[in-house]
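Chains as they are written, first to last, in this note's numbering: chain G, 1 to 232; chain R, 233 to 623.
C-beta: ideal position from N, C-alpha, C; glycine also.
The structure appears below as structure tokens.
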């Protein structure tokens with residue numbers, strides 16, 4: 001495998017099997033994916049085609065059964081668990097379908113949390129959390145806790161949290177899956193803005209609007225990449 | 233921040249946390265009481281032995297103080313030999329007997345009566361009047377109070393044998409003082425009178441039940457006991473430490489009870505904390521999986537969960553400490569009402585180290601109990617946890 005300059009993700013021959021009732025279910029059947037710096041890639045396909053499995057493998061959450069992944073120049077699964085966690089904390093951002101904010105923390109505290117874990121000084125992380133919440137349009141709701149925010153607002157906080165440690169790449173798994181159409185559109189706009197500013201995004205989605213907004217689409221079916229195209 | 237978030241999560245379900253805390257407090261109180269009980273009586277007994285300054289007991293061979301009616305014949309001579317042992321400061325002979333107060337034709341219940349040497353005795357402290365001379369007695373404070381006996385009153389006393397034979401050869405004695413009898417149980421009626429008087433009245437001339445021996449300043453009690461044993465081999469010499477050891481042996485069942493109940497309290501504490509933390513972790517499974525996904529180290533998440541257990545246990549201890557002390561006072565009152573237990577003793581000894589040990593145990597259990605759900609949370613396959621939460 002080469003380590004090409006500007007290449008953020010380089011996955012080769014990814015096979016992922018899950019044990020199921022004494023047997024192995026193959027979710028990925030030999031996937032090759034490359035993502036370059038500054039790209040926004042939408043991974044699309046029907047339910048159960050292996051989109052989320054691929055995202056988890058690429059992001060260092062779930063090791064593949066076979067194959068290799070280079071993420072930001074590191075052989076991801078050659079790293080030990082602690083090093084992989086540190087890589088995710090400091091250089092990667094995550095956005096989930098169900099937001100998964102800490103309900104007992106305020107919006108600002110949720111954004112501060114990854115910075116606190118990365119050892120960012122208190123004043124600096126407080127200022128940055130405010131900046132990020134301003135960026136996602138929630139500067140007026142910094143003290144609110146997630147249960148007092150709408151779904152769209154919670155996803156914005158989750159995006160701000162993903163940006164906290166200035167990641168080089170963001171992985172998003174069905175980021176609009178829990179949102180209504182209008183709120184989903186706002187999140188898509190936010191992603192587009194982030195991408196224009198240079199952030200690499202890999203978004204798993206079955207939302208056609210999200211896919212349309214991505215300059216590059218990777219289409220999956222039955223555990224395989226069946227198509228990949230760059231929008232002109 | 234992650235630890236603070238974990239602790240705030242406890243406040244999310246206030247009612248549930250409060251109930252769990254109440255349970256932990258009760259368990260902590262029980263553990264505290266059992267820890268205090270395990271050594272309380274022995275320690276209290278040791279304190280009581282030392283309070284008079286007569287730390288050693290010399291008894292008939294192989295007999296513990298007042299364990300039987302056996303006596304030391306030729307007690308005066310034995311006493312003199314003990315007094316000559318280097319390091320002995322004072323020797324106090326005691327002869328135990330039973331007398332009854334006779335009023336008209338009827339005799340009262342048997343009274344524990346001690347023959348003592350008025351200038352050297354360790355059984356009571358005078359609270360009123362003076363030490364008894366010939367034909368005089370000192371009565372215990374409850375006897376004075378309950379029977380209306382004052383200094384200067386006279387009593388008709390009959391020895392146990394005389395009464396049982398129906399002869400009732402009572403003799404008149406004058407009450408010279410009222411004493412605080414150190415080894416009496418609550419409301420016990422007791423008498424003390426010169427030892428010669430008891431020896432004559434009971435037909436046991438020269439006999440002594442036991443000697444109390446005071447060591448000179450700076451003399452080790454155990455060393456002195458060994459020297460007395462060598463000089464007077466026909467008697468048993470027991471230091472406070474030996475008596476406490478014997479007491480410990482006799483109170484083995486108390487310690488076993490304390491150990492069993494204490495262990496139950498620890499198990500209940502562990503179950504309570506483990507259950508409440510497990511429920512909390514299950515409710516936040518998605519949050520925890522997300523934290524792991526975004527790169528928070530497993531150790532940090534485990535620390536946060538374990539801290540929940542520790543804080544629950546510590547808070548339970550804070551509430552359990554006063555509860556335990558209150559329970560100990562109540563139980564002590566009940567147990568001390570058993571016949572034959574000196575009122576000055578306590579079943580529950582407050583020892584800072586033991587209390588710290590009990591509370592430390594509860595907190596350690598809290599940490600361990602938090603480890604179980606904590607480890608389960610950080611060891612579960614991450615992708616599976618995220619998938620389950622997304623479904």
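Residue from the options whose Cα sits closest to the Cα of residue i
{"i": "residue 579 of chain R", "options": "R/277, R/244, R/236", "result": "R/277"}
{"i": "residue 440 of chain R", "options": "R/297, R/528, R/452", "result": "R/297"}
{"i": "residue 320 of chain R", "options": "R/479, R/450, R/498", "result": "R/450"}
{"i": "residue 162 of chain G", "options": "R/250, R/527, R/619", "result": "R/527"}
{"i": "residue 436 of chain R", "options": "R/302, R/447, R/313", "result": "R/302"}
{"i": "residue 601 of chain R", "options": "R/350, R/507, R/262", "result": "R/507"}
{"i": "residue 619 of chain R", "options": "G/62, G/156, G/46", "result": "G/62"}
{"i": "residue 541 of chain R", "options": "R/607, R/434, R/413, R/421", "result": "R/607"}
{"i": "residue 181 of chain G", "options": "G/82, G/210, G/22, G/173", "result": "G/210"}
{"i": "residue 42 of chain G", "options": "G/115, G/201, G/102", "result": "G/201"}
{"i": "residue 370 of chain R", "options": "R/379, R/334, R/351, R/408", "result": "R/408"}
{"i": "residue 191 of chain G", "options": "G/172, G/177, G/30", "result": "G/172"}
{"i": "residue 57 of chain G", "options": "R/334, R/525, R/590", "result": "R/525"}
{"i": "residue 405 of chain R", "options": "R/425, R/273, R/275, R/367", "result": "R/367"}
{"i": "residue 259 of chain R", "options": "R/557, R/331, R/577, R/617", "result": "R/557"}
{"i": "residue 330 of chain R", "options": "R/434, R/379, R/257, R/238", "result": "R/434"}
{"i": "residue 305 of chain R", "options": "R/438, R/322, R/262", "result": "R/438"}
{"i": "residue 207 of chain G", "options": "G/199, G/46, G/148", "result": "G/46"}
{"i": "residue 475 of chain R", "options": "R/294, R/239, R/233", "result": "R/294"}
{"i": "residue 187 of chain G", "options": "G/157, G/169, G/129", "result": "G/157"}
Cross-chain neighbours of residue i in chain R, by beta carbon under 7 angstroms
{"i": "residue 82 of chain G", "result": "529"}
Residue i - partner residues in DSSP beta bridges
{"i": "residue 34 of chain G", "result": "G/10"}
{"i": "residue 204 of chain G", "result": "G/43, G/173"}
{"i": "residue 95 of chain G", "result": "G/172"}
{"i": "residue 221 of chain G", "result": "G/224"}
{"i": "residue 352 of chain R", "result": "R/349"}
{"i": "residue 361 of chain R", "result": "R/409"}
{"i": "residue 388 of chain R", "result": "R/404"}
{"i": "residue 328 of chain R", "result": "R/346"}
{"i": "residue 75 of chain G", "result": "G/70"}
{"i": "residue 493 of chain R", "result": "Paired residue(s): none; residue 493 of chain R is not in a bridge."}
{"i": "residue 142 of chain G", "result": "In the DSSP output, where bridge partners are listed per residue, residue 142 of chain G has none listed."}
{"i": "residue 520 of chain R", "result": "Answer is none; residue 520 of chain R lacks a bridge partner."}
Supposed close pair residue i, residue j - CB separation, criterion 8 angstroms
{"i": "residue 69 of chain G", "j": "residue 11 of chain G", "result": "5 angstroms"}
{"i": "residue 415 of chain R", "j": "residue 327 of chain R", "result": "With 8 angstroms as the limit, residue 415 of chain R and residue 327 of chain R do not qualify as a contact, their Cβ atoms being about 15 angstroms apart."}
{"i": "residue 33 of chain G", "j": "residue 9 of chain G", "result": "6 angstroms"}
{"i": "residue 90 of chain G", "j": "residue 59 of chain G", "result": "Rounded, the Cβ-Cβ distance is 14 angstroms, inconsistent with contact."}
{"i": "residue 344 of chain R", "j": "residue 422 of chain R", "result": "5 angstroms"}
{"i": "residue 609 of chain R", "j": "residue 533 of chain R", "result": "7 angstroms"}
{"i": "residue 179 of chain G", "j": "residue 31 of chain G", "result": "Not a contact, Cβ separation roughly 28 angstroms."}
{"i": "residue 166 of chain G", "j": "residue 39 of chain G", "result": "Not a contact, Cβ separation roughly 18 angstroms."}
{"i": "residue 559 of chain R", "j": "residue 265 of chain R", "result": "5 angstroms"}
Chain R contact residues for residue i, given Cβ-Cβ distances below 8 angstroms
{"i": "residue 114 of chain G", "result": "526, 527, 528"}
{"i": "residue 100 of chain G", "result": "518, 519, 521, 522, 621"}
{"i": "residue 104 of chain G", "result": "237, 240, 241, 243, 244"}
{"i": "residue 191 of chain G", "result": "Under the 8 angstroms cutoff, chain R gives no residues; its nearest Cβ is about 18 angstroms from residue 191 of chain G."}
Contact set between residue i and chain R, taken where Cβ atoms lie within less than 9 angstroms
{"i": "residue 168 of chain G", "result": "By Cβ distance, chain R contributes nothing, its closest Cβ being about 13 angstroms from residue 168 of chain G, past 9 angstroms."}
{"i": "residue 47 of chain G", "result": "Going along chain R, no residue has its Cβ under 9 angstroms from residue 47 of chain G, so there is no contact; the nearest lies around 11 angstroms."}
{"i": "residue 86 of chain G", "result": "527, 529"}
{"i": "residue 89 of chain G", "result": "526, 527, 528, 529"}
{"i": "residue 109 of chain G", "result": "233, 236, 237"}
Chain-ordered chain G contacts of residue i [CB-CB under 8 angstroms]
{"i": "residue 645 of chain R", "result": "There is simply no residue 645 of chain R to check, as chain R begins at 233 and stops at 623 in what is shown."}
{"i": "residue 611 of chain R", "result": "Per Cβ cutoff of 8 angstroms: no residues; residue 611 of chain R is ~11 angstroms from chain G at best."}
Contact set between residue i and chain G, taken where Cβ atoms lie within less than 9 angstroms
{"i": "residue 614 of chain R", "result": "56, 61, 62"}
{"i": "residue 532 of chain R", "result": "117"}
- Touching or not, the region 135–143 of chain G and the region 86–104 of chain G, by the rule of three or more beta carbon pairs under 8 angstroms? no
- Message: Across the region 484–493 of chain R and the region 257–277 of chain R, are there enough close Cβ pairs to call them in contact, namely three or more that are closer than 8 angstroms?
- Response: yes
- Is it a yes or a no for the region 581–600 of chain R touching the region 502–516 of chain R, going by three-plus beta-carbon pairs under 8 angstroms? yes
- Task: Count the C-beta pairs between the region 247–266 of chain R and the region 541–558 of chain R that are closer than 8 angstroms, then say yes if the count reaches three, no if not.
- Result: yes
- Message: Pairs of beta-carbons, one from the region 458–465 of chain R and one from the region 303–315 of chain R, closer than 8 angstroms: are there three or more?
- Response: yes
- Check whether the region 340–359 of chain R touches the region 417–433 of chain R, counting contact only when three or more Cβ pairs, one atom from each stretch, lie closer than 8 angstroms. yes
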